[in-house]
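Undergrad: The structure follows.
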Amino acid sequence: MRKAVFLDRDGIINFEPGNYTCSVEKFIINEGIGESIKLLKENGFIVIVISNQGGIAKGLYSVSDVTEMQNKLEDYLSTFNTSLDDFYFCPHHEEISKCLCRKPESLLFEKAMAVHNIDPNLSVMIGDSDRDVLSAENAGIKGIKVLPNSNIYQICKEIINKFGNG
Ligand SMILES: [Mg+2]
Ligand SMILES: [Zn+2]
29 MRKAVFLDRD GIINFEPGNY TCSVEKFIIN EGIGESIKLL KENGFIVIVI
79 SNQGGIAKGL YSVSDVTEMQ NKLEDYLSTF NTSLDDFYFC PHHEEISKCL
129 CRKPESLLFE KAMAVHNIDP NLSVMIGDSD RDVLSAENAG IKGIKVLPNS
179 NIYQICKEII NKFGNG
């Protein structure tokens with residue numbers, strides 16, 4: 029089984045302005061993300077983004093806007109010679125319709141763990157909200173909450189020290 033680091037998107041990967049990121053122009057990648065993902069992957073971690081995108085259900089933006097932002101992120105990561113292993117998002121919002129995939133539900137974590145053969149005991153989630161931590165813990169994964177838009181490089185180093193570099 030593999031070890032993994034799960035990342036929230038808004039506030040971790042890209043700048044969280046305090047509301048929805050609706051377009052690729054507003055998708056500004058936070059400092060340290062390229063270096064952090066590269067370091068994790070070099071140390072044997074699978075890196076997966078798990079994101080609530082309830083703005084889709086609310087009609088604020090579309091799935092193709094999310095895809096465009098994802099492409100921007102992948103282009104950016106390729107300049108570091110690295111990449112994500114997967115990206116899962118929930119397009120629902122409880123004000124519109126209930127679902128089982130929106131964090132703090134754990135369905136997207138369970139899906140990712142099954143697809144990528146991930147050991148939850150060797151894995152960590154980094155997020156900027158309580159529901160990130162809660163959804164990870166609902167899947168048996170340790171959650172770490174950081175301030176929105178922090179540089180996560182140091183935390184990634186600590187995760188590597190804790191879980192080894194094998
Ligand atoms: Mg967030
Ligand atoms: Zn959902």
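If you want our numbering, it's the position in the sequence shown, counting the first as 1, plus 28. Ideal Cβ placement from N, Cα and C applies to all residues, glycine included. These numbers come from a predicted model, not from an experiment.
1. Looking at the unbroken alpha helix (DSSP H) that takes in I187, where does it start and where does it end?
2. Taking DSSP as the reference, what is the three-state secondary structure of Y116?
3. Just to check, is the beta-carbon of D147 closer than 8 Å to a non-hydrogen atom of ligand 1?
4. Do you know offhand how far C127's Cα is from I84's?
5. From S79 to Y181, what distance separates their C-alpha atoms?
6. Looking at C-alpha atoms only, which residue of E59, R30, V152 and N166 is the closest neighbour of G72?
7. Using alpha carbons as the reference points, say which of H121, I146, Y104 and A140 lies closest to G87.
8. Going straight from the alpha carbon of K131 to that of K139, what length do you get?
9. Within a Cβ cutoff of 6 Å, which residues of the same chain sit near E63, ignoring the five residues on either side of it in sequence?
10. By a C-beta neighbour count over all protein chains shown, 10 Å radius and 16 as the cutoff for buried, is A32 buried or exposed?
11. Could you give the residue range of the alpha helix (DSSP H) that holds S106?
12. Quick one: give me the first and last residue of the alpha helix (DSSP H) that S163 is part of.
TA: This is what the structure holds:
1. Mapped onto the sequence shown, residue 187 falls at position 159. Where I187 is concerned, the enclosing alpha helix (DSSP H) stretches over Y181 to F191.
2. Within the sequence shown, residue 116 is the residue found at index 88, counting from 1. Three-state result, Y116: strand.
3. Position 119 of the sequence shown, counting from 1, holds the residue named residue 147. Checking the Cβ of D147 against ligand 1 gives no.
4. Stepping through the sequence shown from its first residue, residue 127 is reached at position 99. Stepping through the sequence shown from its first residue, residue 84 is reached at position 56. One C-alpha to the other measures close to 14 Å.
5. Here residue 79 corresponds to residue number 51 of the sequence shown, with the count starting at 1. Here residue 181 corresponds to residue number 153 of the sequence shown, with the count starting at 1. Straight-line Cα distance between these residues: approximately 20 Å.
6. As a working mapping, residue 72 is identified with position 44 in the sequence shown. Residue R30 is the option with its Cα nearest to G72.
7. As a first step, residue 87 is located in the sequence shown; it is residue number 59 there, counting from the start. Cα-wise, what sits closest to G87 is H121.
8. Here residue 131 corresponds to residue number 103 of the sequence shown, with the count starting at 1. Here residue 139 corresponds to residue number 111 of the sequence shown, with the count starting at 1. Those two C-alpha atoms are separated by around 13 Å.
9. Taking the sequence shown and counting its residues from 1, the one referred to as residue 63 is at position 35. Only Y181 meet the Cβ criterion.
10. On the sequence shown, residue 32 is found 4 positions in, with the first residue counted as 1. Label assigned to A32: buried.
11. Walking along the sequence shown from the start, residue 106 turns up at place 78. It spans V91 to S106 - the alpha helix (DSSP H) in which S106 sits, taken as one unbroken run.
12. The residue labelled residue 163 in the question sits at position 135 within the sequence shown. D158 to N166 is the extent of the alpha helix (DSSP H) around S163.
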